[in-house]
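Peer 1:
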Amino acid sequence: MASKPPKTAVVLAAEPDCAVGSALARRFAAEGMHVYLAASDAGILQGVAEDIRRSGGTVIALTVNASSEDAVAQLLQRAAATGSLEIAAYTTSALVDPALLDAPGELLEQLWRRNVYGAFLLGREAAKMMLPDRRGTVLFAGAAAEPPVRPPFSPFAIAKSGLRALAQGMAKEFKPLGLHVLDAVLEGTDHGAVLPDGVDPHDLVDRCWAAHCQPAHEWSHEIRF
Numbered sequence: 001m002a003s004k005p006p007k008t009a010v011v012l013a014a015e016p017d018c019a020v021g022s023a024l025a026r027r028f029a030a031e032g033m034h035v036y037l038a039a040s041d042a043g044i045l046q047g048v049a050e051d052i053r054r055s056g057g058t059v060i061a062l063t064v065n066a067s068s069e070d071a072v073a074q075l076l077q078r079a080a081a082t083g084s085l086e087i088a089a090y091t092t093s094a095l096v097d098p099a100l101l102d103a104p105g106e107l108l109e110q111l112w113r114r115n116v117y118g119a120f121l122l123g124r125e126a127a128k129m130m131l132p133d134r135r136g137t138v139l140f141a142g143a144a145a146e147p148p149v150r151p152p153f154s155p156f157a158i159a160k161s162g163l164r165a166l167a168q169g170m171a172k173e174f175k176p177l178g179l180h181v182l183d184a185v186l187e188g189t190d191h192g193a194v195l196p197d198g199v200d201p202h203d204l205v206d207r208c209w210a211a212h213c214q215p216a217h218e219w220s221h222e223i224r225f
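All residue numbers for the sequence shown refer to the numbering used here, where the first residue is 1 and numbers rise by one.
1. For Phe-28, which of His-212, Ser-220 and Arg-224 has the nearest alpha-carbon?
2. Taking contact to mean 3 or more Cβ pairs, one atom from each stretch, closer than 8 Å, check whether the region 77–87 and the region 5–23 are in contact.
3. Grab me the residues of His-191's own chain with a C-beta within less than 6 Å of its C-beta, minus the 5 sequence neighbours each way, in chain order.
4. Would you call Gly-56 buried or exposed, if buried means 16 or more other Cβ atoms sit within 10 Å of its Cβ?
5. Measuring CB to CB, does Ala-23 end up less than 8 Å from His-202?
6. Output needed for Ile-60: all residues of its chain with C-beta closer than 6 Å, excluding positions within five of it in sequence on either side, in chain order.
7. Taking all protein chains shown into account, do 16 or more other C-beta atoms lie within 10 angstroms of the C-beta of Lys-172, making it buried, or fewer, making it exposed?
8. Roughly how many angstroms lie between the CA atoms of Ser-220 and Leu-177, to the nearest whole one?
9. Identify, in the order they occur along the chain, each residue of the same chain with its Cβ nearer than 6 Å to the Cβ of Tyr-90, setting aside the five sequence neighbours on each side.
10. Going by DSSP in three states, Glu-86 sits in which element: helix, strand or coil?
11. Between the alpha carbons of Ala-143 and Arg-26, how many angstroms are there, rounded?
12. Taking the C-alpha atoms as reference points, what is the distance between Val-64 and Gly-43?
13. Residues in its own chain within less than 6 Å of Val-138 by CB, not counting five upstream and five downstream?
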């Protein structure tokens, strides 16, 4: 009897320290998935990849520009060619947010590219790979910037509002096609940090994994920490 193809997971970490992305990758590997862990600099992922392998997991760490349409498409195609793509995650944050009066125009574009454009590319390309099986989860996780917006964090809030709209739109479009879209919102982080004080990334991962495992009639589309 032919063996089933392995389940694969993609984690594209657009956060500077990759803390959330790394925690997700560890969990996906522990669940038996072959993980593709990507960031703009794969060097910062090598320690995580080595830990996963020592624990018996399988992982490939890659350098991927989250704002490159071709690079993101190739990442998802590679994962889908390895096995059944089960989950694709995009993690992001921002660390520098001057007041609007002091913000150069290119800063707003950079924040949009990191928080919205990269997430759009990951979600779209993941959906293309998942649709033939009509199953899979697209996960976005990152810091929040909830209204009312508090200066000097307006540029970051603008980008995060775009990501929330993207996640809601994808959830409504992809649910009838069998795909679960989940937005994990980290509250209390409008200063741009990935994790609020006292939040353990493993708690975040546990919540995300539980939501991924929900039956379709119970799907959550936004979870908050």
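Just so you know, even glycine gets a beta-carbon here, dropped at the ideal spot from N, CA and C.
Peer 2: On the basis of the supplied data:
1. His-212
2. yes
3. In this prediction, His-191 has a pLDDT of 45, which is less than 50 and means its spatial position is unreliable; what the coordinates show is noted afterwards. Around His-191: no qualifying Cβ.
4. exposed
5. yes
6. Tyr-36
7. exposed
8. 16 Å
9. Leu-12, Ala-119, Leu-122 and Phe-140
10. strand
11. 20 Å
12. 11 Å
13. Ala-88, Gly-123, Ala-126 and Val-181
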